[in-house]
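Chains as they are written, first to last, in the working numbering: chain V, 198 to 523; chain R, 144 to 252.
C-beta atoms are modelled at their ideal positions from N, C-alpha and C, and glycine is treated no differently.
Please read all numbers here as calculations on a predicted model, not as lab measurements.
Working notes for the structure below.
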């Protein structure tokens with residue numbers, strides 16, 4: 198998902214307070230910024246929301262690649278709006294993280310010096326226009342799968358950010374599927390591009406949910422805290438079940454010879470992604486890791502004089518405003 | 144950066160930074176309803192905060208008017224005061240109209 202491999206932090210805390218906190222969560226109560234919370238809860242959330250925010254921001258890069266080369270003016274306007282939404286989603290999430298006592302600049306610096314990660318999916322290149330379709334359909338589709346349940350997460354500001362994001366995310370997936378329909382029903386060459394995009398993005402999309410976590414202690418803690426609502430495997434299965442018939446509708450073939458409907462299970466059987474590839478990408482060795490981080494660093498450093506200048510200007514004007522008569 | 148909307152214990156650990164201040168954003172959805180808290184953002188001054196709020200929070204006609212206020216200027220009641228502040232209301236059920244039994248033939252009331 199946009200937040201992958203988040204280990205919950207557990208620290209020694211007052212057992213009585215911990216119990217009361219857990220009771221509140223079990224009762225469906227929302228936790229708000231000023232409430233007492235275990236340090237582990239706070240730190241895990243900062244990592245999770247921060248990684249999610251970074252993913253939205255870095256996620257602008259693969260799609261930004263095609264803004265200047267969109268096939269029509271309408272497609273270009275739509276893609277611009279979509280990429281702008283991703284920036285907005287990043288900002289909603291940074292705000293939610295900030296309520297936990299970390300600053301946005303601090304989070305940005307942690308991304309740039311690699312103390313924090315972003316989703317593995319954005320380290321793959323976007324080679325053709327059909328990739329814009331595959332990303333909207335598969336990547337945003339997978340993101341929705343994870344984000345819809347997170348609207349009920351226990352931390353109030355995070356849940357509210359998720360509600361806003363989910364309202365907008367459906368546009369993203371539908372615009373992607375719309376591109377796929379157009380390509381899949383187009384010329385033989387266009388259909389080939391659509392199939393090629395599906396081939397390249399299928400397994401990376403499955404990796405977004407993270408490795409199987411049924412045995413993970415960390416996942417159990419995060420689920421008890423209601424900051425993770427489903428296991429990675431549950432969500433991955435749901436994604437495959439939803440997506441396989443959509444590929445049929447497009448007349449495209451999912452690149453998995455073992456994909457078949459299992460009547461007994463009530464879901465599809467499918468091949469797991471290559472997890473060694475996932476670990477390589479998440480640890481910095483994917484096709485575009487270096488390029489993505491370099492682009493973020495350049496944007497941050499090139500923008501420094503703008504941030505400083507606007508702040509200096511605001512301070513100058515604040516100094517000039519006469520104090521109102523008491 | 145201090146705000147009642149942020150975890151207090153965590154704030155004290157923050158290093159001081161040369162960051163744009165934090166603003167809380169309130170949006171009126173349509174004329175006739177009041178402004179509602181939408182979220183927060185960073186901006187160097189009030190004008191820029193309104194411009195940023197327009198881009199961040201009203202990309203789909205969510206509002207007709209925006210208020211911004213610097214987060215440090217918001218005062219809030221403390222969560223630990225929840226009992227003393229709000230519990231007394233619980234015993235004053237007569238403040239609700241349904242407390243009173245009025246005969247049906249009294250007509251609309």
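Residue i touches chain R at which residues, Cβ-Cβ below 7 Å?
i	result
residue 285/V	199 and 202
residue 288/V	184 and 199
residue 363/V	In chain order: nothing, as chain R lies at least about 13 Å away.
residue 292/V	182, 183 and 184
Listing by chain order, which chain V residues have their CB less than 8 Å from the CB of residue i?
i	result
residue 191/R	507 and 511
Give every residue of the same chain whose Cβ lies closer than 7 Å to the Cβ of residue i, excluding the five residues on either side of it in the sequence, and list them in chain order.
i	result
residue 394/V	325, 327, 328, 330 and 331
residue 352/V	228, 242 and 424
residue 215/V	235
residue 221/R	none
residue 441/V	451, 456 and 465
residue 484/V	320, 321 and 322
residue 163/R	185, 186 and 187
residue 180/R	167 and 169
residue 273/V	264 and 267
Am I right that residue i and residue j are in contact with their C-beta atoms under 8 Å? What's the rounded C-beta distance?
i	j	result
residue 480/V	residue 466/V	Not a contact, Cβ separation roughly 29 Å.
residue 381/V	residue 448/V	6 Å
residue 297/V	residue 250/V	So it is not a contact: roughly 12 Å between Cβ atoms.
residue 252/V	residue 205/V	Residue 252/V to residue 205/V, Cβ: 19 Å. No contact.
residue 432/V	residue 343/V	6 Å
residue 407/V	residue 245/V	No, residue 407/V and residue 245/V are not in contact; Cβ-Cβ is about 12 Å, not under 8 Å.
residue 426/V	residue 349/V	7 Å
residue 172/R	residue 205/R	7 Å
residue 365/V	residue 337/V	Contact doesn't hold; Cβ gap of about 10 Å is too wide.
residue 239/R	residue 210/R	Between residue 210/R and residue 239/R the Cβ distance is about 32 Å, and since that is not below 8 Å, they are no contact.
residue 199/V	residue 340/V	6 Å
Determine the chain R residues that contact residue i at a beta-carbon separation under 9 Å, and present them in chain order.
i	result
residue 504/V	161, 162, 163 and 187
residue 281/V	198 and 202
Whose C-beta lies closer than 6 Å to the C-beta of residue i among residues of the same chain, with five residues either side of it excluded?
i	result
residue 156/R	For residue 156/R, the predicted model reports a pLDDT of 48, less than 50, meaning its position is unreliable; a value from the coordinates is still stated below. Closer than 6 Å at the Cβ level, and outside the excluded window around residue 156/R, lies no residue.
residue 496/V	none
residue 438/V	464 and 465
residue 247/V	294, 304 and 313
residue 256/V	283 and 319
Just the chain R side, please: which residues come within less than 8 Å of residue i by C-beta, in chain order?
i	result
residue 514/V	188
Along chain V, in chain order, which residues have C-beta atoms closer than 7 Å to that of residue i?
i	result
residue 222/R	231 and 232
Among the residues of its own chain, which have a CB less than 8 Å from the CB of residue i, if the five just before and after it don't count?
i	result
residue 523/V	For residue 523/V, the pLDDT reaches just 49, beneath the cut-off of 50, and the residue's location in the model is therefore unreliable, leaving the point undetermined.
residue 280/V	257, 260, 261 and 264
residue 346/V	426 and 427
Legend entry - Ordered list of alpha helix (DSSP H) runs contained in the stretch 319-345 of chain V, each at least 4 residues: Runs of the alpha helix (DSSP H) inside the stretch 319-345 of chain V: 327-331.
Inset, instruction - Pair every Cβ in the stretch 368-376 of chain V with every Cβ in the stretch 309-317 of chain V, then say whether three or more of these pairs are closer than 8 Å. - result: Because the criterion of three Cβ pairs below 8 Å is not met, the stretch 368-376 of chain V and the stretch 309-317 of chain V do not touch.
Inset, instruction - Please determine if the stretch 276-288 of chain V and the stretch 184-203 of chain R are in contact, where contact requires at least 3 C-beta pairs separated by less than 8 Å. - result: Taking a cut-off of 8 Å for Cβ pairs, the stretch 276-288 of chain V and the stretch 184-203 of chain R touch, as three or more such pairs fall below it.
Inset, instruction - Ignoring anything shorter than 4 residues or poking outside the stretch 210-237 of chain R, list the alpha helix (DSSP H) runs there in chain order. - result: The qualifying runs are 225-229.
Inset, instruction - Determine contact between the stretch 251-270 of chain V and the stretch 215-226 of chain V, defined as no fewer than three beta-carbon pairs at a distance below 8 Å. - result: Short answer: they don't touch.
Inset, instruction - At 3 residues or longer, and completely inside the stretch 167-213 of chain R: list those beta strand (DSSP E) runs for me, N to C. - result: Counting whole runs of 3 or more residues, the stretch 167-213 of chain R contains the beta strand (DSSP E) stretches 178-185 and 208-213.
Inset, instruction - Counting only runs of 4+ residues fully inside the stretch 255-315 of chain V, write out the alpha helix (DSSP H) ranges in chain order. - result: For the stretch 255-315 of chain V, the full-length alpha helix (DSSP H) segments reaching 4 residues or more read 257-261, 270-295 and 301-309 along the chain.
Legend entry - Stretch pair the stretch 495-514 of chain V + the stretch 269-278 of chain V: three plus CB contacts closer than 8 Å: Counting Cβ pairs under 8 Å, fewer than three are found: no touch.
Inset, instruction - Can you check the stretch 469-507 of chain V for any alpha helix (DSSP H) of at least 4 residues that lies completely inside it and give the ranges in chain order? - result: Listed in chain order, they are 472-477 and 486-499.
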